[in-house]
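*Asks:* First the structure, which I've put down as structure tokens, then a few questions once you've had a look.
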Amino acid sequence: MSTLKNEVYEALIEFIEKNQNNIYRLAYSYVKSQDTALDMVQESIYKAIKAYEKIEDPSSVKPWFYKILVNTCLDELRRSNRMIATAPEELPEEAEDSLSSRADYMVLYKALESLDTETKTVIVLRYFEDMKLIEIAKILEENINSVKSRLYRGLRLLKFQMREGDFSDAE
3 MSTLKNEVYE ALIEFIEKNQ NNIYRLAYSY VKSQDTALDM VQESIYKAIK AYEKIEDPSS
63 VKPWFYKILV NTCLDELRRS NRMIATAPEE LPEEAEDSLS SRADYMVLYK ALESLDTETK
123 TVIVLRYFED MKLIEIAKIL EENINSVKSR LYRGLRLLKF QMREGDFSDA E
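For the sequence shown, the positions run 3 to 173 when the working numbering is used.
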């Protein structure tokens, strides 16, 4: 194995080990089932290890892997033709802990679920996975301006929905 391929493989394994919780949460945000999310993570890791030689730079492991994960989850949703709303008590603890209260989470979750899949993907990758816009553009194979436009449009929609109280009884 060449030195570059070895570096890429080690970078991939290190990325997976260090980010396993984030990887799982992202998969879960799509499929809404712990078992299915674990299957999606496992399938994505398998695909990544099988094709790691396609990566030319160890620094591009993160967007490359997330692209595999997002596409694997979207394929599963298309295959099963379902988008299931999940009750907050069924979410993994890490997702709940990152918000100040359960009520805030429920409002945000309902608002996010109202967005189309492409817009939701951009917002989740940007704010929940802390990815840069250029990385998101690579993952989604889109122009960065399209990603920016979708992000800002989605944020405006979320802000409007949350301000209008569409998802909350309290104001």
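We put the beta carbon where it would ideally sit given N, CA and C, even for glycine.
This structure is a prediction, so every number in the text was calculated from the model and none was measured.
1. Is the distance from the Cβ of ALA39 to the Cβ of TYR48 below 7 angstroms?
2. Reducing DSSP to helix, strand and coil, say where ILE18 ends up.
3. Going along the chain, which unbroken runs of the alpha helix (DSSP H) with 4 or more residues stay wholly within the segment 5-86?
4. Within the same chain, show all residues whose beta-carbon is closer than 6 angstroms to that of PRO60, passing over the 5 residues directly before and after it, in chain order.
5. For PHE162, does the count of other Cβ atoms within 10 angstroms reach 16, so buried, or fall short, so exposed?
6. Going by C-alpha to C-alpha distance, which of THR121, TYR54, SER62 and LEU79 sits closest to MET42?
7. Can you give me the C-alpha to C-alpha distance between ILE18 and VAL109, rounded to a whole angstrom?
8. Quick one: residues in its chain with C-beta nearer than 7 angstroms to the C-beta of ASN146, no 5 flanking neighbours on either side, listed in chain order?
9. Measuring straight from C-alpha to C-alpha, what distance separates PHE169 and GLU16?
10. Counting only the same chain and skipping the five closest in sequence on each side, list residues whose C-beta sits under 6 angstroms from that of LEU160.
11. State the DSSP-derived secondary structure class of LYS174, mapped to helix, strand or coil.
12. Assuming VAL126 and SER31 form a contact by the criterion Cβ under 8 angstroms, report the distance between their Cβ atoms to the nearest whole angstrom.
13. Using beta-carbon positions only, say whether THR119 and GLY156 come within less than 7 angstroms of one another.
14. Count the other CB atoms, across all protein chains shown, that sit within 10 Å of the CB of ARG152; report buried if there are 16 or more and exposed otherwise.
15. Since LYS122 is in the alpha helix (DSSP H), which residue starts that stretch and which ends it?
16. Where does GLU144 sit, in a helix, a strand or coil, going by DSSP?
17. So, under 8 angstroms CB-CB, SER46 and THR74 are touching, yes? Tell me the CB distance rounded to an integer number of Å.
*Replies:* A quick look at the data gives this:
1. Against the sequence shown, residue 39 aligns to sequence position 37. Against the sequence shown, residue 48 aligns to sequence position 46. Contact flag unset, no.
2. Your numbering for residue 18 matches position 16 in the sequence shown. If DSSP states are grouped into helix, strand and coil, ILE18 belongs with the helices.
3. 5-20, 22-33, 36-53 and 63-82
4. For the purposes of this step, residue 60 is taken as the residue at position 58 of the sequence shown. If we look at PRO60 and ignore the five residues flanking it on each side, its Cβ neighbours are GLU9, VAL10 and ALA13.
5. As a working note, residue 162 is residue 160 in the sequence shown. With fewer than 16 Cβ atoms within 10 Å of its Cβ, PHE162 is classed as exposed.
6. The residue labelled residue 42 in the question sits at position 40 within the sequence shown. The option with the nearest alpha carbon to MET42 is LEU79.
7. Locating residue 18 in the sequence shown gives position 16, where the first residue counts as 1. Locating residue 109 in the sequence shown gives position 107, where the first residue counts as 1. Approximately 31 angstroms between the Cα atoms of the pair.
8. Looking up residue 146 in the sequence shown gives position 144. Checking the sequence shown, residue 146 turns out to be Ile, not Asn. Counting only Cβ-Cβ distances below 7 angstroms, and skipping sequence neighbours, we find LEU135, ILE136 and ALA139.
9. Here the question's residue 169 lines up with position 167 in the sequence shown. Here the question's residue 16 lines up with position 14 in the sequence shown. Residue placement at PHE169 cannot be trusted, given a pLDDT of 49 that sits under 50; the coordinates are not used to answer.
10. Against the sequence shown, residue 160 aligns to sequence position 158. Here the set comprises ALA113.
11. The structure shown has nothing for residue 174, since the chain only spans 3 to 173.
12. Position 124 of the sequence shown, counting from 1, holds the residue named residue 126. Position 29 of the sequence shown, counting from 1, holds the residue named residue 31. About 6 angstroms separates the two Cβ atoms, so the contact holds.
13. The count along the sequence shown starts at 1 and reaches residue 119 at position 117. The count along the sequence shown starts at 1 and reaches residue 156 at position 154. For THR119 and GLY156, no; Cβs fall outside 7 angstroms.
14. Your numbering for residue 152 matches position 150 in the sequence shown. Counting Cβ neighbours within 10 Å, ARG152 comes out buried, since at least 16 surround it.
15. Here the question's residue 122 lines up with position 120 in the sequence shown. Per DSSP, LYS122 belongs to the alpha helix (DSSP H) from 119-125.
16. Here the question's residue 144 lines up with position 142 in the sequence shown. GLU144: coil per DSSP, three-state reduction.
17. Looking up residue 46 in the sequence shown gives position 44. Looking up residue 74 in the sequence shown gives position 72. Contact holds; Cβ gap of about 5 angstroms.
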